[in-house]
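All remarks here apply to the structure that follows.
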Amino acid sequence: MRLSERVKTYRITVLPGDGIGPEVIAEGVKVLRAVEQGLDGARFELREFSVGAGEYLRSGNPMPPAAFEACKQDDAVLLGAMGLPDVRWPGGTEIAPQLDLREQLELYCGLRPIRLYHANDTPLKKYGAGEIDFAIVRENTEGLFWSRKRSFSAEAAEVIDSLRISREGSERVIRAAFREASRRRGLLTLVDKSNVLPSMVFFRRIFDEIAEEFPGVCTRRIYVDAASLYLVERPQSFDVIVTENLFGDILSDLAAALVGGMGMAPSGDIGDRHAVFQPSHGSAPDIAGRGIANPTATILSVAMMLEWLGIAEGAARIRKAVETVFADPHLRTPDLGGALSTTELGDRIARAAAG
Ligand code: ATP
Numbered sequence: 001m002r003l004s005e006r007v008k009t010y011r012i013t014v015l016p017g018d019g020i021g022p023e024v025i026a027e028g029v030k031v032l033r034a035v036e037q038g039l040d041g042a043r044f045e046l047r048e049f050s051v052g053a054g055e056y057l058r059s060g061n062p063m064p065p066a067a068f069e070a071c072k073q074d075d076a077v078l079l080g081a082m083g084l085p086d087v088r089w090p091g092g093t094e095i096a097p098q099l100d101l102r103e104q105l106e107l108y109c110g111l112r113p114i115r116l117y118h119a120n121d122t123p124l125k126k127y128g129a130g131e132i133d134f135a136i137v138r139e140n141t142e143g144l145f146w147s148r149k150r151s152f153s154a155e156a157a158e159v160i161d162s163l164r165i166s167r168e169g170s171e172r173v174i175r176a177a178f179r180e181a182s183r184r185r186g187l188l189t190l191v192d193k194s195n196v197l198p199s200m201v202f203f204r205r206i207f208d209e210i211a212e213e214f215p216g217v218c219t220r221r222i223y224v225d226a227a228s229l230y231l232v233e234r235p236q237s238f239d240v241i242v243t244e245n246l247f248g249d250i251l252s253d254l255a256a257a258l259v260g261g262m263g264m265a266p267s268g269d270i271g272d273r274h275a276v277f278q279p280s281h282g283s284a285p286d287i288a289g290r291g292i293a294n295p296t297a298t299i300l301s302v303a304m305m306l307e308w309l310g311i312a313e314g315a316a317r318i319r320k321a322v323e324t325v326f327a328d329p330h331l332r333t334p335d336l337g338g339a340l341s342t343t344e345l346g347d348r349i350a351r352a353a354a355g
């Protein structure tokens, strides 16, 4: 068989976006290219597009049609961050086309793995590398984000946001969470507020029904307020969490803090046909342009992308490279008390990933 016959080319749409987005994406691409050299069967063709608040200021559209088409056509999307606090829609909300992408491409499963790579990097000092290791599955397309596009008049005396829980939307994300738990340690925790909200009683009922399809997975059910407590008190007791959109949004940041902050938290917005991989953090305008952003969340998001594309060997090499570099507590960016620049940390991880 000739080489060209067994090499598959994957097309990736790259959206650097705003703030630190381009800085961390450059390191993610660097690591992807380093891994590619050692992979026999995979090549990556990257197409880059300008999107986000900066693009909105330039052209009036934060997600130009060519970029959106590429997201639909290509095998996967790698995104930096979109949105800037001072650039807003006339209604006052931030420019965040990543939320539109989730809805339009039906990326219902927001998968956010949380893993501690070194004991020094957690504020919970008794835990060591690997002891905090769980994943949040956040419903990405409805919940309390459902009414985000509504506007209200200047004279409004009250504004009500609706929390939508549909059977179809819940079934698909809960099944995805059960599958994730089956791949991991087999424990799935439902986080809801079913002691107060009827929509959450409905969500829990659907969870209970679907649990019967996965007898190999142990389940537990806790309220979101208790979940916040347990995540700090005993994070090692979690394997996979499934929850509503806004709860997932909030708990993801709390969980990121347990393992070193936003710079350590990768994510994938995954549907049945498309997927977008991006760090869990935003554009971090407070540190943008200074070369100090931690690129690890983006690099780990590249690993998630490779896994989703079926290139498990590449994903494993990236994770191993992060483990190797983080084993030395001096090799850190300033968010974790170190002195390395974004590029220097990216170089170290890329070298380790190249083997
Ligand atoms: P969004 O709502 O768009 O997710 P946010 O308002 O939650 O964004 P972030 O942009 O994620 O805010 O930033 C939150 C804090 O974390 C800021 O202080 C920022 O500097 C820090 N931060 C975020 N990402 C990184 C990173 N990659 N490296 C270092 N610090 C980061």
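My numbering numbers the first residue of the sequence shown as 1 and each following residue consecutively.
Glycine is no exception: its CB is placed at the ideal position from the N, C-alpha and C atoms.
Contacting residues, own chain, Cβ-Cβ under 7 Å from residue i (five flanking each side not counted)
i: S182; result: F214, G216, V217
i: E323; result: Y117
i: A177; result: V137, L188, V240, V242
i: Y108; result: E139, N140, T141, G169, R172, V173, G271
i: Q37; result: A354
i: P329; result: H118, N120
i: I287; result: I20, A293
i: D161; result: L144, S147
i: R6; result: G41
Contact under 8 Å by Cβ, residue i with residue j
i: A350; j: A42; result: no
i: R47; j: A70; result: yes
i: I136; j: A315; result: no
i: L78; j: F277; result: yes
i: A284; j: V31; result: no
i: D269; j: G110; result: yes
i: G263; j: D335; result: yes
i: L190; j: F207; result: yes
i: S280; j: A265; result: yes
i: E131; j: Q236; result: yes
i: E94; j: R102; result: no
i: I299; j: T342; result: no
i: R175; j: I210; result: yes
The ligand ATP heavy atom lying under 7 Å from the CB of residue i
i: D286; result: yes
i: A297; result: yes
i: S153; result: no
i: V24; result: yes
i: I20; result: yes
i: P279; result: yes
i: A293; result: yes
i: M304; result: no
i: M63; result: no
i: G337; result: no
i: S283; result: yes
i: M262; result: yes
i: G83; result: yes
Own chain, CB closer than 6 Å to residue i, minus 5 neighbours either side, in chain order
i: E244; result: E139, G143
i: A303; result: A315, I318, R319
i: S151; result: G91
i: S194; result: M200, V201, R204
i: L306; result: G314, A315
i: E45; result: T9, R11
i: R112; result: I136, S252, S267, S280
i: H274; result: L105
i: R221; result: L190
Rounded Cβ spacing between residue i and residue j (contact assumed at less than 8 Å)
i: S228; j: L251; result: 7 Å
i: G54; j: D100; result: Incorrect: roughly 17 Å between the Cβ atoms, too far for contact.
i: M82; j: A66; result: Actually they do not touch by this definition, with Cβ atoms about 16 Å apart.
Residues of its chain near residue i, where Cβ-Cβ distance is below 8 Å and the 5 sequence neighbours each way are ignored
i: M1; result: Residue placement at M1 is flagged as unreliable, the pLDDT there being 49, under the threshold of 50; the coordinate-derived value follows with that caveat. Correct list: empty, nothing qualifies.
i: F49; result: T13, V14, L15, P64, A66, A67, A70
i: S301; result: G28, L78, P266, S267, G268, F277, Q278, P279
Contact with chain C by residue i, beta-carbon distance below 8 Å
i: D40; result: Absent from the structure: chain C. Only one protein chain is present.
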